Amino acid sequence: MNALKIIFAGLVGSFCGSFLCLAVSNILIEVTYHDIAGYIFGVIVFLFGVMLFIRTLKISDISLVSRLSVVFLSIVVAFTGVLCAVLNSKWFFLASNSLKTLFYSITSISLSFLFVYCLVQLLNYQIFNCGCCKQENPSAFVVKKSQIYVCICSGVVLGVVNGILFGKFDVENTSKSYHDFHVYQLYMLPIGFFLGLVVGLYSEYIREKVYKDQFVMSSNIDENYFGDETSLINEKNSRLYSEIYNLSEDEDTESD
139 MNALKIIFAG LVGSFCGSFL CLAVSNILIE VTYHDIAGYI FGVIVFLFGV MLFIRTLKIS
199 DISLVSRLSV VFLSIVVAFT GVLCAVLNSK WFFLASNSLK TLFYSITSIS LSFLFVYCLV
259 QLLNYQIFNC GCCKQENPSA FVVKKSQIYV CICSGVVLGV VNGILFGKFD VENTSKSYHD
319 FHVYQLYMLP IGFFLGLVVG LYSEYIREKV YKDQFVMSSN IDENYFGDET SLINEKNSRL
379 YSEIYNLSED EDTESD
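Put into structure tokens, the structure is as follows:
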């Protein structure tokens, strides 16, 4: 296995986890203090939940457990879109701290899931495969369902912790200074860094393992080559055509 690739993936994952913490925390602040931001994020999140729900129902080759899990998450995301529009209401500021923590946790879970879901889709569609280093047959980033489960679970865990700490520090209380908000972010950054590191290392390890297994199963292929399944099939077909061509030449020679 390529240890450098795994380490690099871990560093990228830790950066994404830290960025996710900062993004979600700032979005929570914006939707709490500003009406327009709450409405904008509310509409975006609600539409995302509806589209995810419709897309999940249209997919046929998916297990019942996976379908129900994604449907449940899509409903939670759509509900979060409504929450974003009411987090700055007067009754919410007068609510109990436990209710605030619950609502912030749900909102944070949905936002984290939204970011993780979009990132996985972008990676799997090779959106970051730039022209200067573009490969002829690029290998997929997501090759196992376990990678998706780990990404989603880490996003949900990060959302839960984010919402609990946001409510515990009472960050939405405007009578307090921004000191509590910065302390809250200092608590969240190491958690996001660690979860992102774990996800990055695990995802790249599984990816390298899958392509190494494909390499072992394919015969007479250079040991440094880890192409995708299509490339392996093309390589085998090329060898087969070459053998047929050589066989036909031998028959022509014998007939002469």
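Those letters in the sequence shown? Residues 139 to 394, per our numbering, in order. Ideal Cβ positions, reconstructed from N, Cα and C, are used throughout, including at glycine. This structure is a prediction, so every number in the text was calculated from the model and none was measured.
Alpha carbons only, please: which of the options is nearest the one belonging to residue i?
i	options	result
residue 252	303, 233, 148 and 211	211
residue 231	197, 169 and 153	169
residue 322	341, 335 and 302	302
residue 249	220, 215 and 320	215
residue 284	150, 199 and 204	204
residue 334	147, 151 and 141	151
What would DSSP say about residue i, mapped onto helix, strand or coil?
i	result
residue 197	coil
residue 216	helix
residue 233	coil
So, using beta-carbon positions, are residue i and residue j closer together than 9 Å?
i	j	result
residue 166	residue 245	yes
residue 305	residue 243	yes
residue 176	residue 226	yes
residue 296	residue 158	yes
residue 148	residue 185	no
If I measure Cβ to Cβ from residue i and keep anything under 7 Å in the same chain, skipping five residues before and after, which residues do I get?
i	result
residue 289	254, 258 and 337
Leaving out five residues before and five after residue i in sequence, what residues of the same chain have Cβ atoms less than 8 Å from its Cβ?
i	result
residue 213	187 and 191
residue 299	326 and 329
residue 202	none
So, at 6 Å on beta carbons, what are the nonlocal neighbours of residue i in its own chain, with the 5 sequence-adjacent residues on each side left out?
i	result
residue 294	247
residue 223	176, 177 and 180
residue 345	281
Quick check: the Cα distance between residue i and residue j, rounded to an integer number of angstroms?
i	j	result
residue 144	residue 318	36 Å
residue 156	residue 329	8 Å
residue 362	residue 343	Note that residue 362 scores a pLDDT of 43, beneath 50, so its modelled location is shaky; the value from the coordinates is reported in the next line. Straight-line Cα distance between these residues: approximately 17 Å.
residue 153	residue 197	32 Å
residue 162	residue 194	25 Å
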